Amino acid sequence: MTFSIVARCARTGALGVAVSTAVPAVGAMCVYLRTGVGAVSTQSWVNPYLALDALDLLDQGVSAEQALERVLKDDAAADLRQLGIVGRNGQSACWTGSQCTGWAGQRSGTSCTIQGNMLTGAGTLDAMLAAYEASGELALEERLMRALEAGQAAGGDKRGRQSAALKVVRNEAYAHLDLRVDEHHEPVAELRRVFEVAQRQFVPFVEGMPTRDDPGRAPPAAVTELLLTPPQSRPGATEPLDADMRVLARWLGVEFAAQRVAHNLATYEPILAEISKLRELDRSDVHPVVVFDPARAYAGPSTKGEA
Numbered sequence: 001m002t003f004s005i006v007a008r009c010a011r012t013g014a015l016g017v018a019v020s021t022a023v024p025a026v027g028a029m030c031v032y033l034r035t036g037v038g039a040v041s042t043q044s045w046v047n048p049y050l051a052l053d054a055l056d057l058l059d060q061g062v063s064a065e066q067a068l069e070r071v072l073k074d075d076a077a078a079d080l081r082q083l084g085i086v087g088r089n090g091q092s093a094c095w096t097g098s099q100c101t102g103w104a105g106q107r108s109g110t111s112c113t114i115q116g117n118m119l120t121g122a123g124t125l126d127a128m129l130a131a132y133e134a135s136g137e138l139a140l141e142e143r144l145m146r147a148l149e150a151g152q153a154a155g156g157d158k159r160g161r162q163s164a165a166l167k168v169v170r171n172e173a174y175a176h177l178d179l180r181v182d183e184h185h186e187p188v189a190e191l192r193r194v195f196e197v198a199q200r201q202f203v204p205f206v207e208g209m210p211t212r213d214d215p216g217r218a219p220p221a222a223v224t225e226l227l228l229t230p231p232q233s234r235p236g237a238t239e240p241l242d243a244d245m246r247v248l249a250r251w252l253g254v255e256f257a258a259q260r261v262a263h264n265l266a267t268y269e270p271i272l273a274e275i276s277k278l279r280e281l282d283r284s285d286v287h288p289v290v291v292f293d294p295a296r297a298y299a300g301p302s303t304k305g306e307a
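Note that the sequence shown ends on residue 307 in full-length UniProt numbering; no numbers are left out.
In structure tokens, the structure reads:
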């Protein structure tokens, strides 16, 4: 039902998973990572507890092979499962149950596992492994994305296409990147589009977020300024503002939101000060206090003098 790659970057220690399938929301079902511990894709007839338990075992210092053996031992339906595991040091293990729908199989590479079921053929996994190993100089997220694209181009899921996901963790407990296409006729291509936008608009923000070692860290001013602009005006926008909308945005000050706020505060500060003074005045001798009693029926306007 699915093809995926689980990997660790030897240079940075980052861990990641990329996956696609022909059911919705694959990123919510199959992808499990824990910073500094490991990454798992659980698929075919999905059992999330295999992934969760495997990560617990890896965290205890158990090897990937031992973790795989132990979680499958307790699963009565192990023959229906498919699993790829990579640990903190790059050790890996994978499993394809005998009852997984064909074509089903797995591949192992340098600090990575690639697995799939209900595929058009073995070429999907071979293409993924080749693409991943040919891009060792790139960041892990780009390598995973290329592997997923290669798998799709080689055939992918024989039922069709519906969802895709990419998740990477680096040094913090939160994800460095967590992208999902939950329902789309070209999910891998759409994931690439979202990935490119995120590289320009989201990743710079994440890289300025607080860390355990630096809880006061904040994004640079340029990133804050970027995020105050409309999405269509930002770098990498796939649907940029047309000329008329750009003029309107500039006229309204939307493109310069931070300056606009400062300008408006300066402009309206005298008015706000006068309003504060008026609120402090006691004019009850001229305008008696009006008491609204919701229990009294509304009498309507006066009809005096009407014929």
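We treat Cβ as the ideally placed atom computed from N, Cα and C, and that holds for glycine.
Bear in mind the structure is a predicted one, so any value in this text is a computation, not a measurement.
With three or more beta-carbon pairs closer than 8 Å as the criterion, would you say the stretch 19-30 touches the stretch 53-63? Taking a contact to require three or more Cβ pairs closer than 8 Å, the stretch 19-30 and the stretch 53-63 do not qualify as touching.
Output needed for Gln-99: all residues of its chain with C-beta closer than 6 Å, excluding positions within five of it in sequence on either side, in chain order. Here the set comprises Asp-79 and Leu-80.
Would you mind reading off the limits of the alpha helix (DSSP H) that contains Lys-73? Segment 64-73, the alpha helix (DSSP H) holding Lys-73.
Straight-line gap, Ala-134 to Leu-265 (C-alpha atoms, nearest Å): Taking the straight line from one Cα to the other gives about 55 Å.
Contacting residues, own chain, Cβ-Cβ under 7 Å from residue 309 (five flanking each side not counted): Absent from the structure is residue 309, since the part of the chain shown begins at 1 and ends at 307.
With the cut-off set at 7 Å, would you say Gly-151 and Thr-113 are in Cβ contact? Taking a C-beta distance under 7 Å as the contact criterion, Gly-151 and Thr-113 do not qualify as a contact pair.
Collapsed DSSP secondary structure at Ser-163 in the structure displayed: Annotated three-state conformation of Ser-163 is strand, per DSSP.
Tell me the DSSP bridge mates of Trp-103? Partner(s): none; Trp-103 has no beta bridge.
C-alpha distance - Val-6 paired with Thr-101, whole-angstrom precision: So the alpha carbons of these two residues sit roughly 20 Å apart.
Return the residue from the list Ala-222, Ala-39, Pro-210 and Leu-281 that minimises the CA-CA distance to Leu-140. Comparing alpha carbon positions, the residue from Ala-222, Ala-39, Pro-210 and Leu-281 closest to Leu-140 is Ala-39.
Own chain, CB closer than 8 Å to Ala-307, minus 5 neighbours either side, in chain order: Confidence in Ala-307 is poor, its pLDDT being 48 and thus under 50, which makes the residue's placement too unreliable to answer from.
Taking the beta carbon of His-185 as the centre, do at least 16 other beta carbons fall within 10 Å, making it buried, or is it exposed? Flag for His-185 reads exposed.
Buried versus exposed call for Ser-276 [16 or more other C-beta atoms within 10 Å across all chains shown]: Exposed, by the Cβ-count rule.
Which residue wins for smallest C-alpha separation from Asp-178, given the options Cys-94, Leu-72, Ala-18 and Arg-161? Shortest Cα-Cα distance from Asp-178 to any of Cys-94, Leu-72, Ala-18 and Arg-161 involves Ala-18.
Check the DSSP bridge columns for Gln-115 and list the partner residues they point to. DSSP output for Gln-115 lists Ser-4 and Gln-106 as bridge partner(s).
Buried or exposed for Gly-16, going by 16 or more other Cβ atoms inside 10 Å? Buried, since its Cβ has 16 or more Cβ neighbours within 10 Å.
Mark Gly-105 as exposed unless 16 or more other C-beta atoms lie within 10 angstroms of its C-beta, in which case mark it buried. The C-beta of Gly-105 has 16 or more other C-beta atoms within 10 Å across all chains shown, which makes the residue buried.
CA nearest to the CA of Arg-11, picked from Leu-138, Trp-95, Tyr-49 and Ser-44: Residue Leu-138 is the option with its Cα nearest to Arg-11.
Counting C-beta neighbours from all protein chains within 10 Å, is the total for Arg-70 16 or more, i.e. buried, or is it exposed? Residue environment: Arg-70 is assigned as exposed (fewer than 16 neighbouring CB atoms within 10 Å of its CB, all protein chains considered).
For Asp-214 and Glu-207, the rounded distance between their alpha carbons: Taking the straight line joining both Cα atoms gives about 12 Å.
Cβ atoms of Val-188 and His-176: under 7 Å apart, would you say? If you check the CB distance, His-176 and Val-188 do not come in under 7 Å.
If I measure Cβ to Cβ from Phe-153 and keep anything under 8 Å in the same chain, skipping five residues before and after, which residues do I get? Sequence inspection shows Ala at residue 153; the Phe mentioned does not correspond to that position. Same-chain partners within the cutoff: Ala-127.
Bounding residues of the alpha helix (DSSP H) (the contiguous stretch that carries Arg-192): Note, Arg-192: alpha helix (DSSP H), 187-201.
How about Leu-191 and Ala-164: are their beta carbons less than 7 Å apart? In this structure, Ala-164 lies closer than 7 Å to Leu-191 by Cβ.
Using DSSP bridges, identify the partner residues of Ala-39. In the DSSP assignment, the residues bridged to Ala-39 are Leu-33 and Val-86.
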